[in-house]
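*Asks:* First the structure, then my questions, so here it is.
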Amino acid sequence: MMSYFSRHSVKQFIRGKPIRYGYKMWCLCEPNGYLIQYMLYQGKESNRPHSDLGVGGLKLANRLQELGVGYTGTIMANKIEKCPANAPKIKKKVLVSQPHVIAKYNKYMGSVDRIDENIDRCRIPIRSKKWWWANFAFCIDTSVHNAWQIYGRNPDNKLDYLHFRRHIVQVYFLKYGYPPTHSGRGHPKTSKKLDGRVPEEVRYDGLNHWMVPAEKQNRCALCKKNSTKKM
1 MMSYFSRHSV
11 KQFIRGKPIR
21 YGYKMWCLCE
31 PNGYLIQYML
41 YQGKESNRPH
51 SDLGVGGLKL
61 ANRLQELGVG
71 YTGTIMANKI
81 EKCPANAPKI
91 KKKVLVSQPH
101 VIAKYNKYMG
111 SVDRIDENID
121 RCRIPIRSKK
131 WWWANFAFCI
141 DTSVHNAWQI
151 YGRNPDNKLD
161 YLHFRRHIVQ
171 VYFLKYGYPP
181 THSGRGHPKT
191 SKKLDGRVPE
201 EVRYDGLNHW
211 MVPAEKQNRC
221 ALCKKNSTKK
231 M
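First residue of the sequence shown: 1, per the UniProt record's numbering; consecutive thereafter.
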């Protein structure tokens, strides 16, 4: 679920969920929570009015029976109607071998819950009435989470999810940010000095960090050293 509190036709309310109001997402994840694909739930109405979903069930069952292949589902090959097993000898617990499909289901069933748990620890808390903002924030959160999952595959990397996000923010601030300005009396209250060292992600990104000469000198928006004064 993606939290969204404004009005939209796709918005849902699901009681008992950690996020009750918002968009519902269908997610395909790996066992560790790595998101492979997701799709936004857009309502029960389908854009394909002539869908053949479920029509070929009986034809498929007859074809499998002709080939001698067993099947199960809504149509069962050995179904016995109104035959409850009430005998204690029949209803006793017996150890059986676990089918391969059950083992696969137990392996992948908690993957979506794992990615929800990790993202909810430091989700983007900014709210907006725009319908697209929740999807945009979800894309950022899942992209950072997938990057952290790839980062954690190396046993030498020991950053947790919170410090990994903080490191990404620091890299972008040093590359695209501006130094903080102080307007007021007294000295700015800073706990420590800013680290002016260029991070390794910027140094070794494969780009040429050379100074490009400009044709004319621009004015500085923060100071008046290079500004032109009228007399």
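Built from N, CA and C at the ideal position, the CB exists for glycine as well.
Between which two residues does the alpha helix (DSSP H) holding Ile-150 run?
*Replies:* For Ile-150, the enclosing alpha helix (DSSP H) covers residues 131-151.
*Asks:* Does DSSP classify Ser-3 as helix, strand or coil?
*Replies:* strand
*Asks:* With H, G and I counted as helix, E and B as strand and the rest as coil, what does DSSP make of Ser-191?
*Replies:* Residue placement at Ser-191 is flagged as unreliable, the pLDDT there being 48, under the threshold of 50; a coordinate-derived value is accordingly withheld.
*Asks:* For Lys-11, collect the residues of the same chain with a Cβ closer than 8 Å to its Cβ; drop the 5 residues on either side in sequence, then sort them by chain order.
*Replies:* Tyr-4, Tyr-21, Gly-22, Tyr-23
*Asks:* Got a sec, what are the start and stop residues for the beta strand (DSSP E) Gln-217 sits in?
*Replies:* Careful: Gln-217 lies outside any beta strand (DSSP E) and carries neither H nor E.
*Asks:* Starting from Tyr-176, trace the alpha helix (DSSP H) both ways and give me its first and last residue.
*Replies:* 161-176
*Asks:* So, are the CB atoms of Ile-14 and Met-1 less than 8 Å apart?
*Replies:* yes
*Asks:* At which residues does the beta strand (DSSP E) containing Leu-40 begin and terminate?
*Replies:* 35-40
*Asks:* Is Gln-98 helix, strand or coil by DSSP?
*Replies:* coil
*Asks:* Let me know if Arg-165 comes out buried or exposed under the rule of 16 or more other beta-carbons within 10 Å of its beta-carbon.
*Replies:* buried
*Asks:* Per DSSP, Gly-68 is paired with what?
*Replies:* According to DSSP, Gly-68 bridges with nothing at all.
*Asks:* By Cβ distance below 8 Å, which residues in the same chain neighbour Glu-200 in space, the five residues on each side in sequence not counted?
*Replies:* Excluding positions up to five away in sequence, the list is empty.
*Asks:* If we count the other Cβ atoms within 10 Å of its Cβ and call it buried at 16 or more, is Ala-103 buried or exposed?
*Replies:* exposed
*Asks:* In whole angstroms, give me the CA-to-CA distance for Gln-149 and Gly-33.
*Replies:* 8 Å
*Asks:* Since I believe Val-112 is in contact with Cys-27 (beta carbons under 8 Å), could you give me their beta-carbon distance rounded to a whole number of angstroms?
*Replies:* 5 Å
*Asks:* Under the three-state reduction of DSSP, which class applies to Gly-22: helix, strand or coil?
*Replies:* In the structure shown, Gly-22 sits in a strand (DSSP, three-state: E or B).
*Asks:* Looking only at DSSP bridge pairs, what is Cys-29 linked to?
*Replies:* Paired residues: Leu-35.
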